[in-house]
Amino acid sequence: MALFPAFAGAPEPGEPLAGSSRGLRKELDWLSNPSFCTGDVLLLNQGTTEDTDLNPEKSPLIRTTSKSELSKESDSDESLKQSSKKRKKKKHHHYKKTKKKSRGDSSSSESDLDAKHIKDKGAGSGRDHKKEVAANLDKKASNLTNNRFVWLDDIQASTAETFRIDKKPDPANWAYKSLYRGDIARYKRRGESCLGIDAKKQCVTWDSSTSKKKQLQTRPERYFTKNNVKMLNTDGIPVSNKSSPSDSTAFIPVLEMETDDSSNTTGVNPLGIYDPSTTVWLQGKGKNAENEPADTQQPIEEPRININSSLMTKVEEHNKKVRENPRDINAWMEFVSFQDELMRGPSPYASKGEQDIRRKSLKLILEKKLAILERAIESNPSNVDLKLARLKLCTEFWEPPALVKEWQKLIFLHPNNPELWKKYLLFCQSQFTTFSVSKINSLYGKCLTTLAAVQDGSMVSHPLLPGTEEAMLGIFIQQCHFLRQAGHSEKAVSLFQALIDFTFFKPDSVKDLPTRGQVEFFEPFWDSGEPRIGEKGARGWKAWMHQQEKGGWIVLKPDDDDEEDIDEDEEIKDKTLPKWHIWLDIEYSREARHWLPWRPDKTKKETEEDCEDPERQVLFDDLGPSLIRLSNPDLQCQLVYSFLQFLGIPCTSKLFPSNLYVAMDENNIFDSVLSDEKPLTSVDFPLSGFNSLGHMDTVLRRRHHIGHYKEGEEFIQNVFHVLFQLFSGKEKSNLSVCWLQYEISKVVQCLQVKNKKKLKAQGRKSKKLAKNLLKAPDNRNYLCLWKLYAYLEWLLGNIDDARKVFDTALCTAGTGGLKSPQLCSLSLLYAQLEVELLESIEGAVMSRAVHILTKLAESGLYVPYSGQVLSVSVLKARKTYEHALQDYLSRAPVSDQDQISDANQLVNVVGCYALFQYLTVGIDAALLIYAQTLEKLEAPGPQKCENTGENFGIQNFPTALEAVTLLHTNLLRFHMKISFYPLNPLCKALTEALKRFPSNQSLWRSYIHIQRKSHSASKARRFFDDVTRCTNSLEPWLFAIQAEQMRKKLIETVQRADVGEIHSTIPETGLTNRIVALFEHAVQSENGAHCPLLWRMYLSFLASLGKKEKSKGLFYKALQNCPWAKVLYLDAVEHFPDDLQETLDLMTEKELRVRVPMEELDLLLEV
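In C-alpha cells form, the structure reads like this:
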C-alpha cells in the first residue's frame, strides 16, 4: 500500500520489478514503507483489546533502553562534539543528518521484525491462533518499550498510573551544577505556603535568586526621575473640607474615591469581606495584567486628564492666535517658547501606552520649533527676527559651511539692517575653523561700506532704517575693540585717528560728496605723512587741504626737547628664568610700549624700511572701508568719549550693549577701589572690566605699571589739546573733567598697591595738571573741576589743603543753594569726606559736615566752619530740605535734557538731606527719606528711568533710582562700620536694587562684600539663582562665581593654616563642583558664550585645581567661541608652558599679533 494515493501505481515491495521500471523503483523507493502491513495493524489492535479485557489491573509498561541504542547515542554524541569545532551552520546540518540516520535504523529494525512475524504467521495453523496472538502481543509490547519514545495512545492503561523511567545518562550533568532548564517543567508558585504541611510545626522557605536580584536592582526613585516629575506636574487630589467655615473640625477629611458600583458585587460578596481582586475573580472576570485595579487607577488617571486638558487648551490658544493673526511676530515667538513647557509635561496627543515610552529628546523640541518658525516665515517672509531665530536653531543641525551660506543669503536679502550685520559679524568672528584677523577685519569694512551706501542713498533697492547711523558707530567701536583684543592695537588707534579727522576736520569742498567719494579725497592726506590726531603738530585734514591749495607747508625746525631719547628698560632682565616666562615678559613690555602706530620721522630722515616690525605700520587699505559719516552732534561726542575710554581714560560714556560683553576681558570688575575703607566716597569708574591699551597680560600677573609710558602719556596729552580746539563751553569743561579723572585714577592705583614713591611723583603731576586746567578762563567757575581738585588733595593726604580748596570753591559759588546742581554735588562730597573722618555719630550735630549742609540749605554766602552750629539753623535747614525734596519729586520734566538735569539734582538733594538727617537725628530718619524717595521713583515704573539714556542720543546716564540706591546702601555700610546695626536692612536694600539693576557692578561688589562674612551661603545662592533666571546680564553670573571662589579661598586658608598639625573642621561641601557648574551654565548663556573674561576665569580656576588635561580641553573649547582674544593664548602659555611653540603657531595661523617670534627670542637669549 502506498503512502500517497498519487503514486498508487508504484509496485509493492513484494512484487517483481521489470527491467524498464528499475530506475523508477529506485526513485520512488522513499515513498513506500516496507514495515507497514494492514493485516498486522488490525491483528495488533484486536489482540490489545482482548488483553486489556483479560487483565484490567495490569501494571503500566516500563521503558528500558537497549545497549545498542546507548552505543548509537554515544556515537552520535561523539560526532556532535567533533563537529562543534566547525561552523555553526555545518554543525546544525550534521546534527540533522545524525538524527535522521538514527531514526532510519530504528525503522529498519522494526521492519525486519514485522517481516519475520508475517512469515511465522503464514506457517502457523488456525488451532494455535490465540497463542500466536499472545506471543505477537508480547513481542510488540517489548518493541514498544525498547523504543526511545512511547506514545500514550499506544498504551492501553490508566492515565493516572502511567509513568516513564529514562535510564539514559545525561553527560551534561557532569559539567554543570544543575539540570538543563528546558528539561524542567515550568510553573508559577502562588503564595509562600505549601499544601499538606502543618503550619504550626513545619515551614517551607522558598529561595529565589531572581527575587533577590530584583530587590537589589530596584532602588527608591528620586524626585527628579521621569515618573516623579510627571507626578509633581499633575494636579493634586482635593482634601479641602466642603462644610461651612463656621464648622470647625479637628482634621480635614480626605475625600474617598469610589472604585466600583456596589450593586454589581452584592451577589458574590454579600458580606463585603472580599477584597476587590477576589470579587472580580468570583464574578468570573479576568484582570488585565498591564493595568492596575480600578481603585488604584482612579486617583492617578484623573490628574493626567487634567494636565492634558490644560496643555491642550494652551496649544489651542496658541494655534488660534497665529491662525487669526499670522502677522503677529510675538505670538509666533511665544508659540516657539511654549514648546519647552509642552515637552516638560506629558504629551496631550499620546495614548496611554505611548505616554510611557515617549522620548523627550532635544532634537524633537528643536524640530518642532523649526517647523513652527518655517510656518511663521511663510506668513512673514520679510521679517528678520523670525529668520534669526531659525538660524539660531539651525546651528544644532547644520554644518558650519551650510550655516555660513545661509547667513550670506540673509545678509544679501537685508543689507540695510544693522542689527542683522552685528549678529553676522559676531557669528563669523566666533567661527574658529574659518577665523582669521584679516578676514574678519575686511568683513567689518564691507559691513560699514554697505551701510554707508544705504545711508547715502546710492543703494536704491533698500531704504534707510531708523537708527542706522547710531548702529554704524557701534559697529565701528566693536571693530576697534576686536583689533585691540587680537593684539593689533596700532590698527585700532589708527582707525580712531582717521575717523576723528574724517569727522571733525572735513573740508567744506567735499561735504556734499557721498561717503566713498570723501574717502578717496581723504586717502592722499593719510598717505602724505602729516601729523595725525595725538601726534605733535597735528593740524587736521582741513588745514592740510587748504594749505595744499596754497602751495604746501612751511617746514619748521623741531625743538631740541623733542630729541630726548626714551629710557627703555632692558627687555631680558633675568636669563635664568624659564623660556616661557621670558617670552611673556618681553611680549608684555612691547605691548605696553609699542601700541602706537610707527611712522617714519622725517626730521631724522627715516623711511619705511627703517621699521624693525612691519606690523607696526598701518596702511590705508586696512582702515579706508571702515570710515563712516557722522552728522549727529551727539554721535560725534560719543565718538570722542569712546576714543578716550579706549585709551584708558574714565568718562561718562559707556559701550553699546551689543558689544559690551564681547569686549570684556579684564577681571578688575571685582576690585573694590577704596570701597572698604571709605564706603561713602568709594571711587566707581565706569567701564571696569576692559583692558586699556598697553595693559594686556595674564590673569595671575595682572598689571605691571600704572598709566602709560612716556610716549603714551604724550599721545594722550596731544589728543586733549586737539579736542580742546574742537569743543567749547560745557563740552570743553567735560573733557577737562575726564582728563583730571584719569589723573585721579592713577593716584587711586598707587594707593591700592601702596607705592609711596610712585604716589608722591604721581601726585605732583596730577596737581600740576589740575592747577593748569583751573587757570583756563572757561574752567575758573566750573565747580566740578574744583571738586575733583579738592578730592585729589584729600586722596594724597593733604586734608587741610583740600579743605581750603573746598571752602574757596564754596565761597566763589554764589548763593545758588539747593537750586544749583554743581553746588549740591560739591557740598555733598565735602560733607561725605568729613563724615568719614568721624569715629562715631555722637556729637556729630556740631561737626563740620553739618555746618556745610546747613549753609547749603540757607542759600547764602558760605562762611567757613568756626567750630559750632546753631540749633535754629539746623531746624531751618531741615524744613528747607523737606520742601525742596517734595518740589523735585512732584516736578514733571519738559524735555529729555531737563529730565536728566532734574534727575541729577534730585539725587544730590536726596543725598544731602539724608546725610543731614543721619548726622542730626539718626540712621532711621535717613532711611525714611530714602524709602520715601525710592517709593516715589518706583511708582511710574522702572521703564521711565531706564530709558532716559536711550532717549537722549546714546549716552547712557545713570538713572536717578540707581544713584539714590547707591547712596542708600553706601550710608548703611558706613553706619555698620562705625556702630552696631543689623545686616538685614542692607541686604534687603541691595537685593531689591539688584533685581531692578542686575548689571550694576558697584551694587554687586557691595553684595558679595557683606555676604562673604556670612556662614550660610544658601540665601545668597538662591538670590543669585533667581536673578540669573530673569535677566540676560552677565554680571550676576560673574559675581556669583566670585562669591563662591571667595568662600572656597576662605575655607582653604583655614584648612592650610600654618599652626603645625591641624585637622580641618570645615568641609569643602562640594564648592569646587558648584563653581564648575556655575561656569558651565554661564558659558552656555547667550552673552557668556563670547565673553573672554568668563573663559579666562574658568581656565584659571581649572588650572588652579591642577587638572591640566581638563584645562587644556577647556582652552580649546574657549577658542571655539572666542578665537580672537589674545589674552586667552597668553593665559595658555602661563598654564601650559610646555606647549609654548604650539600656542605661538596657533596664534600665527589665526593672524593674531605676535610681537616676539621664537626665532628672535632664541637670538636674544644667545646674546
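Residues are numbered in this note's numbering as their position in the sequence shown, beginning at 1, plus a constant of 3. Note that the Cβ used here is the ideal one computed from N, Cα and C, for glycine as well.
Inter-residue CB distance, residue i and residue j (contact presumed, cutoff 8 Å)
i: residue 1153; j: residue 438; result: 6 Å
i: residue 1; j: residue 1078; result: This structure cannot settle anything about residue 1, because the visible part of the chain is limited to 4 through 1170.
i: residue 812; j: residue 786; result: 6 Å
i: residue 788; j: residue 776; result: 6 Å
i: residue 965; j: residue 1003; result: 6 Å
i: residue 1146; j: residue 1108; result: Actually they are not in contact, since the Cβ atoms of residue 1146 and residue 1108 sit about 21 Å apart, beyond 8 Å.
i: residue 466; j: residue 436; result: 36 Å between Cβ atoms; not a contact.
i: residue 338; j: residue 375; result: 6 Å
i: residue 681; j: residue 839; result: 5 Å
i: residue 335; j: residue 389; result: 7 Å
Three-way DSSP call (helix, strand, coil) for residue i in this model
i: residue 906; result: helix
i: residue 125; result: Per-residue confidence for residue 125 stands at a pLDDT of 44, beneath the threshold of 50, marking its modelled position as unreliable; the derived number appears in the next sentence. Helix at residue 125.
i: residue 820; result: helix
i: residue 976; result: helix
i: residue 667; result: coil
i: residue 865; result: coil
i: residue 192; result: coil
i: residue 339; result: helix
i: residue 520; result: helix
i: residue 462; result: coil
i: residue 680; result: coil
Per-residue burial, residue i [other beta carbons within 10 Å of its own, 16 or more giving buried]
i: residue 412; result: exposed
i: residue 183; result: exposed
i: residue 315; result: exposed
i: residue 477; result: buried
i: residue 1164; result: buried
i: residue 1156; result: buried
i: residue 1082; result: buried
i: residue 622; result: exposed
i: residue 377; result: exposed
i: residue 1204; result: Because the chain here runs from 4 to 1170, residue 1204 falls outside it and cannot be looked at.
i: residue 629; result: buried
i: residue 1112; result: exposed
i: residue 226; result: exposed
Neighbourhood of residue i by C-beta distance below 8 Å, restricted to the same chain and skipping five residues each side
i: residue 546; result: 508
i: residue 362; result: Its pLDDT being 48, under 50, residue 362 is placed unreliably in this model, and the value from its coordinates should be taken loosely. Nothing meets the Cβ criterion.
i: residue 616; result: 597, 601 and 1158
i: residue 572; result: Residue confidence is low: residue 572 scores 48 on pLDDT, short of 50, so the model does not pin down where it sits. No coordinate-derived value is stated.
i: residue 988; result: 930 and 975
i: residue 704; result: 587, 591 and 1137
Other residues of its chain near residue i: CB distance less than 7 Å, five sequence neighbours each side excluded
i: residue 805; result: 793, 796 and 797
i: residue 1115; result: 1139
i: residue 866; result: 858
C-beta contact flag for residue i and residue j at 8 Å
i: residue 652; j: residue 719; result: yes
i: residue 536; j: residue 481; result: no
i: residue 668; j: residue 488; result: yes
i: residue 486; j: residue 495; result: yes
i: residue 1160; j: residue 1125; result: no
i: residue 1009; j: residue 968; result: no
i: residue 981; j: residue 843; result: yes
i: residue 769; j: residue 750; result: yes
i: residue 970; j: residue 917; result: yes
i: residue 923; j: residue 877; result: yes
i: residue 816; j: residue 831; result: no
Same chain only: Cβ atoms within 6 Å of residue i, ignoring 5 sequence neighbours per side
i: residue 740; result: 787
i: residue 835; result: 683 and 684
i: residue 110; result: With a pLDDT of 43 at residue 110, under the threshold of 50, the predicted position of this residue should be treated as unreliable, and no value is reported.
i: residue 936; result: 913 and 967
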